[in-house]
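To start, the structure itself, in structure tokens.
Number of protein chains: 2
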Amino acid sequence: MAELVGETGHVDAIDPGPLDYGIFLVVSLTSRSLIGTPGSPFTLGQAHDHLSASRLGDRITWIQAKPVEFLQSQSEKNAPKYDVAVLAHCIWYFSSPEIILETLRVLSTRARHICIAEWSLSSSVASRGSAHVLAVLAEASLESHKPDSESNVRTVSSPARIKAMVEKAGLSLQSESIWSPKEGMFDGRWEVEAVLGPRFLMEVENFVKNEREKAAILAMHDAVKAAATEVGGIKAVHAMDVWCAVFTPL
Amino acid sequence: MAELVGETGHVDAIDPGPLDYGIFLVVSLTSRSLIGTPGSPFTLGQAHDHLSASRLGDRITWIQAKPVEFLQSQSEKNAPKYDVAVLAHCIWYFSSPEIILETLRVLSTRARHICIAEWSLSSSVASRGSAHVLAVLAEASLESHKPDSESNVRTVSSPARIKAMVEKAGLSLQSESIWSPKEGMFDGRWEVEAVLGPRFLMEVENFVKNEREKAAILAMHDAVKAAATEVGGIKAVHAMDVWCAVFTPL
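Here's what the structure looks like:
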């Protein structure tokens, strides 16, 4: 973040979530980013405190709001133009593809660069990332049957789908890359644990009524289990690759 | 099959499919099996002709019927007791979990051994089988939205779910094993081709109306593409592991 805000930049940090939730989303004002990261092992509130106590602390404004509502609440005339909006691993938290598209549309009128990082749905670390890929697909399939989702995977989107939405929103791809996270990035394990925990199967029973749809989600659950077993257990599951891309308004 | 029928055994071969379809299902009578195999590159009719021309030919009776209906059509008194019923890679062709369970229930009263072989939803060949696993999950998810499915993956079931159904049907597991198919078993490639072909995306548009469910299936499609690319293309995709198990009535 220090690089983004430079010597004089200011950050508008926006997140709709409560302070005890493990995610934060940041929009910076004069040198400027929209950042979302999975917050565990810290909560959103702890992340705020940590950043506010840093040397950049007095240049961050924390705002609890939905990004689109916040951006639209600023009057056209006074609305600041952001240098950069950063969406880091937050796309999947949006509650529908429509809201992602709407957010990108508003951002395309308000930021000069939009940087997105998201899980790629692919793994280059032999089969060790497969369980993570399967787990998020299982979660997304279950979550799509709930009226309201509070999972980490509410609307799963591949890089190809995000790029299609970004283009629809009037933005153009400048560069992109895929990289494999280092050991110690536990997101793969967390998602596998979420799918293999007792709550997942209970929720499948509660929310998925059609027997064939249920069979498909249970098969995903079992494929996650098999993939984790194949690599030596949940602790050996590697996080899948990350996709990063930079876009600019057309 | 020669081993199963021995010197004097007879085979009742049952399949509901038309003769130009690439699948066959066999029930043997006195030494006896219920066999389903993916028929490509041969059709069901060609497979019949090939087997009928073999030295076992005069000991096979071909019956075009649904297995449960055929078994129930024989009167209780005259109904033969089969030595073995073999279901080889045919479980996923059944149109719902209920029909699988019903078939297993009827078989539990009519066969002394039930042998099942099915794809395991796991792959021990590093990441080369992942695309096959992901492809059948994508197909199953799409198919579950169609009123009638004619795909190779109508009701996907893991070994764990099949075992649970088999137990419910009054059968007990005697032995099971998992093995990895040799090179040249093209089922992985075929399913990946089916998902990445133009028809799949068209059918997602036609059959999946909910935007979040659609996003989940499109993500699976894209994960299949990424997994195939990761191993060097569709031709390098390996078939996933096969699960085989023998059951006997309680």
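Residue numbers (my numbering), protein chains in the order written: chain A, 1 to 250; chain B, 1001 to 1250.
The beta-carbon is built from N, C-alpha and C at its ideal position, and this holds for glycine as well.
Note that this is a predicted model, so its numbers are computed, not measured.
Distance, residue j Cα to residue i Cα
i: Ser-108/A; j: Gly-45/A; result: 29 Å
i: Asp-1148/B; j: Ser-52/A; result: 58 Å
i: Lys-1235/B; j: Arg-1189/B; result: 6 Å
i: Lys-1182/B; j: His-1132/B; result: 14 Å
i: Ser-177/A; j: Thr-1155/B; result: 37 Å
i: Glu-1193/B; j: Lys-1225/B; result: 10 Å
i: Leu-250/A; j: Val-106/A; result: 13 Å
i: Leu-1019/B; j: Pro-1159/B; result: 29 Å
i: Gly-233/A; j: Val-1086/B; result: 33 Å
i: Met-1185/B; j: His-113/A; result: 48 Å
i: Thr-1061/B; j: Lys-1163/B; result: 29 Å
i: Asp-49/A; j: Ile-14/A; result: 15 Å
i: Asn-78/A; j: Tyr-93/A; result: 29 Å
i: Asn-210/A; j: Glu-1139/B; result: 16 Å
i: Thr-37/A; j: Cys-90/A; result: Below a pLDDT of 50, predicted positions are generally treated as unreliable, and Thr-37/A, at 43, falls in that range; no measurement from the model is reported.
i: Ala-1111/B; j: Ser-95/A; result: 51 Å
i: Glu-1076/B; j: Ala-1088/B; result: 26 Å
i: Ser-54/A; j: Gly-197/A; result: 37 Å
C-beta contact flag for residue i and residue j at 8 Å
i: Arg-128/A; j: Val-242/A; result: no
i: Ile-1099/B; j: Ala-1245/B; result: no
i: Ala-135/A; j: Val-195/A; result: yes
i: Asn-254/A; j: Glu-118/A; result: Residue 254/A is absent from the structure shown; chain A starts at 1 and stops at 250.
i: Ala-227/A; j: Ser-1122/B; result: yes
i: Val-1166/B; j: Leu-1104/B; result: yes
i: Met-1220/B; j: Leu-1137/B; result: yes
i: Gln-1064/B; j: Pro-1097/B; result: no
i: Leu-218/A; j: Arg-1212/B; result: no
i: Ser-157/A; j: Ala-1047/B; result: no
i: Ser-120/A; j: Ser-1130/B; result: no
Chain B within 8 Å of residue i, Cβ atoms only
i: Ala-245/A; result: no
i: Met-220/A; result: yes
i: Ser-124/A; result: yes
i: Ala-135/A; result: no
i: Thr-109/A; result: no
i: Arg-189/A; result: no
i: Ala-169/A; result: no
i: Ala-226/A; result: yes
i: Ala-140/A; result: yes
i: Glu-7/A; result: no
i: Ala-294/A; result: Look at the range of chain A in this structure, 1 to 250, and you will see that residue 294/A is not part of it.
i: Ala-223/A; result: yes
i: Val-206/A; result: Note on residue identity: the sequence assigns Asn, not Val, to residue 206/A. No, Asn-206/A does not count as interfacial toward chain B.
Close-in-space but distant-in-sequence residues of the same chain around residue i (CB under 6 Å, 5 per side omitted)
i: Val-1125/B; result: Ser-1180, His-1238
i: Phe-1207/B; result: His-1145, Lys-1146
i: Arg-1032/B; result: The predicted model places Arg-1032/B with a pLDDT of 38, which falls under 50 and marks its position as unreliable; any figure quoted below should be read in that light. The residues are Tyr-1082, Asp-1083, Val-1084.
i: Asp-187/A; result: Ala-239
i: Glu-1102/B; result: Val-1068
i: Phe-200/A; result: none
i: Ala-223/A; result: Leu-134
i: Lys-1066/B; result: Pro-1016
8 Å Cβ cutoff, residue i in contact with chain A
i: Ala-1085/B; result: no
i: Ser-1177/B; result: no
i: Ser-997/B; result: What the structure shows of chain B is the stretch from 1001 to 1250, and residue 997/B is not part of that stretch, so it cannot be assessed.
i: Val-1156/B; result: yes
i: Arg-1161/B; result: yes
i: Ser-1120/B; result: yes
i: Glu-1213/B; result: yes
i: Glu-1102/B; result: no
i: Glu-1230/B; result: yes
i: Glu-1203/B; result: no
i: Ser-1127/B; result: yes
i: Thr-1030/B; result: Residue placement at Thr-1030/B is poorly supported in this model, since its pLDDT is 38, which falls under 50; the coordinates are not used for a value here.
i: Asn-1152/B; result: no
i: Pro-1097/B; result: yes
Residues near residue i by beta carbon distance below 7 Å, same chain, minus five either side
i: Glu-1230/B; result: Ser-1127
i: Arg-59/A; result: Val-5, Gly-9, His-10, Val-11
i: Ser-172/A; result: Phe-247, Thr-248, Leu-250
i: Glu-143/A; result: Ser-149, Ser-151, Val-153, Arg-154
i: Gln-174/A; result: Val-246, Phe-247, Thr-248
Close beta carbons around residue i, own chain, < 8 Å, minus the five adjacent residues each side
i: Gln-74/A; result: Pro-80
i: Gly-1057/B; result: Leu-1051
i: Ala-169/A; result: Leu-101, Leu-104, Arg-105, Leu-107, Ser-108
Cβ-heavy atom distance, residue i to the ligand ZN, below 7 Å
i: Leu-1044/B; result: Among the components of this structure there are no ligands whatsoever, and the ligand ZN is therefore not found.
query: Fully enclosed by the segment 46-98 of chain A, which beta strand (DSSP E) runs are 3 residues long or longer?
result: 60-63, 82-88
task: Identify every run of the alpha helix (DSSP H) within the segment 212-241 of chain A, keeping only runs that are complete inside it and at least 4 residues long; order them along the chain.
output: none
- prompt: Taking only runs of the beta strand (DSSP E) that begin and end inside the segment 1140-1195 of chain B, which ones reach a length of at least 3 residues, in chain order?
  reply: 1171-1179
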